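Residue numbers (the numbering used here), protein chains in the order written: chain W, 362 to 454; chain Z, 2 to 237. For every residue, glycine included, the Cβ atom is placed at its ideal position computed from N, Cα and C. In this text, all values refer to a predicted model and were calculated from it rather than measured experimentally.
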């Protein structure tokens, strides 16, 4: 993906963000990811703030990092959980 | 909000604050209180949804439409619509035909008058100035070559890769042209700041197949996006 010709890549929630960050840095591209949508927003089994912290801890070390979701929102969610994630991101960005 | 911050980061640069771009799916339909089926086929709802999500979640960029089936439906595939999520493809003109007939039966290439494109273009025309005023990047999300090939051919695509590679190669090349047309419409007609190619099914391919069938058929889209001065992204 990193050598596909795109200027950036977005990866799903299964990938380790710091591993992707190293690859992106090597290829001089941006990378987007990867809040655990399944556990934080669909199953609600993981805390939003903790997973935002994971994303920023792993991603912000590298140039080109963009905070994003690790998959599309394809079902209704508890809006307050995404609002909490966004608030946590905005406090730490 | 920070459109330029987002664009610089997506181009691999270190920026002073981490920007935020959500893979929003059909969440705007929930915020608007309408079904995904209605939201995805209504230019006013698409535009309002993009603006609403950008405002509510303080995004630096927002997709105009996040429906990986849009291109396939415009090529004659039949969709089953959903209340909450994007539609599913339930049949295609290429599902049940022998591999040697695939090339002869490829649908005509789409343009901006095909399928839901007029709706998407109208939505983009409505949303772009509002997002520009908010300093939010408008993001076009086009289906990638493997997504389109898989939706047109179904699971037979994967047996074609083994048993009829020439037919599979022709289908991937055709699908790459469709992705490039979508990229052109998003970049040049609508004027999106960022154009992403969403090709999640490509992650099912082994690396050799990804290099052989997907990467070369992404290049026409990248050339169009970069020639238009826009920023590209691959989502998978």
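*Spell out a yes or no on whether the segment 157-168 of chain Z and the segment 17-35 of chain Z are touching, meaning 3 or more CB-CB pairs, one atom from each, closer than 8 Å.*
no
_Does chain W have any CB closer than 7 Å to the CB of residue 236/Z?_
yes
*So with Cβ pairs under 7 Å, would you call residue 384/W a contact of chain Z?*
no
*Determine which residues of the segment 13-28 of chain Z have a Cβ less than 7 Å from any Cβ of chain W, and write them out in chain order.*
13, 14, 15, 18, 19, 20, 21, 22, 23, 24, 25, 26, 27 and 28
*What residue does the beta strand (DSSP E) around residue 93/Z start on, and which one ends it?*
Per DSSP, residue 93/Z belongs to no beta strand (DSSP E) and is neither H nor E.
*asked:* Pop quiz: residue 153/Z and residue 95/Z are said to be a contact at Cβ under 8 Å. What is the actual Cβ separation, rounded to whole angstroms?
replied: Going by Cβ atoms, the distance from residue 153/Z to residue 95/Z rounds to 5 Å, so yes, they are a contact pair.
*Using a Cβ-Cβ cut-off of 7 Å, state whether residue 376/W counts as contacting chain Z.*
no
*Tell me where the alpha helix (DSSP H) around residue 232/Z begins and ends.*
Boundaries around residue 232/Z are those of the beta strand (DSSP E), 232-236, since no alpha helix (DSSP H) includes it.
*Under a CB-based cut-off of 7 Å, is residue 67/Z close to chain W?*
yes
*Excluding five sequence neighbours on each side, which residues of the same chain lie with their C-beta closer than 8 Å to the C-beta of residue 191/Z?*
65, 121, 122, 125, 126, 129, 139 and 141
*Assign residue 379/W to buried or exposed, taking buried as 16 or more other Cβ atoms, counted over all protein chains shown, within 10 Å of its Cβ.*
exposed
_Spatially closest choice to residue 77/Z from 57/Z, 67/Z, 99/Z and 107/Z, by CA coordinates_ = 107/Z
*Would you give the residue range spanned by the alpha helix (DSSP H) that residue 173/Z belongs to?*
Start and end: 166-185.
*Under the three-state DSSP convention, the category residue 81/Z falls into*: Here residue 81/Z sits in strand by DSSP.
*Would a C-beta distance cut-off of 7 Å place residue 235/Z and residue 198/Z closer than the cut-off?*
yes
*asked:* By DSSP's criteria, residue 33/Z is part of a beta bridge. Which residues make up the other side?
replied: As computed with DSSP, residue 33/Z is found in no beta bridge at all.
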